[in-house]
Structure formats: structure tokens, C-alpha cells
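Numbering (UniProt numbering), first residue to last: 1 to 234.
From the three backbone atoms N, C-alpha and C, an ideal C-beta is built for every residue, glycine too.
Just so it is clear, the structure is predicted and the values come from calculations on it, not from any experiment.
Here the structure is laid out as C-alpha cells; the discussion comes afterwards.
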Ligand code: ATP
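Structure follows, in C-alpha cells:
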């Protein structure tokens with residue numbers, strides 16, 4: 001479904017992505033894990049058209065999407081739930097969710113999808129009239145995921161959905177990610193929480209200093225001694 005080929009991204013003189021190759025098949029949850037500053041967010045931002053690559057290509061369903069703008073990416077079926085729970089704080093929960101559906105004309109189906117999101121995240125339903133800025137961190141994360149889902153993505157890019165959340169909420173979020181995937185959405189999950197991400201995903205790529213260090217199915221990575229020592233310790 002998505003294929004990243006030899007991708008190089010720079011921020012001025014900083015070579016952030018150094019020849020990344022990555023593949024996501026339809027129906028999969030693929031996780032990209034790695035330490036602070038390894039290049040995870042840059043990879044997602046480049047897929048969704050926010051950063052531009054200096055060289056290499058990104059193919060979506062066999063076609064290059066490297067020069068598409070971020071809004072065109074959403075129309076093509078790729079939606080990005082950014083790091084740091086970027087919700088519109090002076091808008092209500094409902095207004096934030098409606099923004100996620102702004103490209104859609106099928107209002108009846110939008111209403112059904114909204115109900116589905118409220119069934120995934122009942123707390124958002126209770127707080128639908130509340131300003132998004134007054135939600136807790138976990139609730140804002142739920143809102144960011146819900147908003148991304150409302151564009152009906154075929155491919156959902158999730159940037160650190162567990163960041164800063166209490167362990168119980170993290171478990172809940174990961175179980176919802178699996179649920180979303182079972183309903184047919186392919187997912188690329190960026191995480192620092194390697195343990196949880198490997199338990200949730202089918203396949204994984206580990207990125208270090210802008211390069212893919214290790215890749216494989218998550219079951220074998222969870223049992224790999226190098227992975228255990230370098231990424232799962234503690
Ligand atoms: P984290 O888990 O800390 O969010 P990450 O793996 O997502 O890390 P990136 O945010 O992709 O890492 O950053 C990769 C590298 O690019 C880092 O060295 C970072 O300092 C650098 N970088 C990221 N954004 C910018 C920017 N806007 N300008 C300059 N350098 C940047």
C-alpha cells in the first residue's frame with residue numbers, strides 16, 4: 001500500500017533521514033520505533049507532505065505521492081494524527097471532530113462515523129460541548145485520533161499516541177488502535193514505547209540516527225536479544 005524508497009530528508013545542514021526504506025501492506029499495523037531524535041516524526045511528516053524529501057520516493061498504491069500537498073494527501077486517504085495532541089483548544093470537541101470531516105460530502109455517513117468514534121471514546125461524547133483545551137492529556141489524544149479517523153483514512157499515521165499518558169490509558173489507546181485496524185484501516189504507528197508498540201503491531205522497523213537499524217515481524221523482534229538489550233530494557 002505504501003512504499004518508501006531510499007528517502008533522504010534534511011533540515012538545513014542536518015541530515016535527518018538517511019536513505020530510509022519502509023513498506024506497509026494493506027491491512028497491517030506497522031510500527032516505527034526508536035529513541036528521541038531518531039527520525040520517526042520526520043518520516044511521518046514527510047509521508048503526509050509536511051516536509052519535503054531531497055531524494056527518494058514515496059509510493060502510495062503504486063503511485064508517487066512525493067509532490068502532493070497535505071490536503072491532497074487527506075483526499076487520497078492518508079490521515080495524520082500528530083504528536084503532542086494538537087487539537088484546536090478554543091474550539092469544542094464536536095467542532096474539532098467536524099474539522100476532520102471537512103473534505104467529505106457524505107454527511108449521513110459522517111454522522112455514523114461520529115457515532116463510531118463516540119463508541120470508541122465515550123468520554124468525548126460526554127464532553128462534546130467542552131473546549132478541547134480543557135480536556136485531559138489522554139482525552140486530547142483520543143480527540144486527535146478521532147479527528148484523524150473522521151477523514152475515513154485508508155492509511156492512518158499515528159505519532160506517539162501513548163506520549164505522556166498513564167499506563168491504563170495507554171493500554172486503552174493501544175486496544176482501540178487494534179480495533180480500528182480490524183475494521184479495515186491500515187496503520188503506521190510511531191512510538192517510543194517499544195514494548196507496547198511491538199505487542200500491538202504486525203511488523204516493525206527500528207530507526208536509529210536517521211537509518212533503519214532492524215526490521216522484522218514483531219514476534220521475532222520481541223524475542224531478539226539485540227532488540228531486547230537495546231530497545232526493550234527497563
Ligand atoms: P522524538 O521521539 O524525540 O519526537 P523523532 O524520532 O520523532 O524524535 P524527529 O523529530 O524526526 O525525531 O527528528 C529527527 C532529527 O531531525 C533530530 O535530530 C531533530 O533535532 C531534527 N529536526 C527535527 N525537526 C527539525 C526542524 N524543524 N529543524 C531542524 N532540525 C529538526
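Collapsing the DSSP output to three states places residue 164 in coil. Rounded to the nearest whole angstrom, the CA to CA distance from residue 190 to residue 179 is 17 Å.
Excluding the 5 residues flanking it on each side, residue 202 has same chain C-beta neighbours closer than 8 Å at 28, 29, 30, 217, 218, in chain order. Here the alpha carbon of residue 98 sits roughly 13 Å from the alpha carbon of residue 106.
One thing to note: residue 23 has its Cβ no nearer than 8 Å to the Cβ of residue 32. At a threshold of 7 Å, residue 36 counts as near the ligand ATP, since its beta carbon sits closer than that to one of the ligand's heavy atoms. Scanning 126, 43, 195, 113 for the CA closest to the CA of residue 147 turns up 113. Counting the other Cβ atoms within 10 Å of the Cβ of residue 102 gives fewer than 16, which makes it exposed. Apart from the 5 residues on each side of it in sequence, residue 25 sits with its Cβ closer than 7 Å to the Cβ of 1 in its chain, given in chain order. In the structure shown, the three-state DSSP call for residue 185 is coil. Taking the Cα positions, residue 132 is about 10 Å away from residue 141. The region 56–73 makes no contact with the region 197–211, as fewer than three CB pairs between them are under 8 Å. Straight across, the Cα-Cα distance linking residue 126 with residue 120 is about 12 Å. The continuous beta strand (DSSP E) containing residue 4 extends over residues 2–11.
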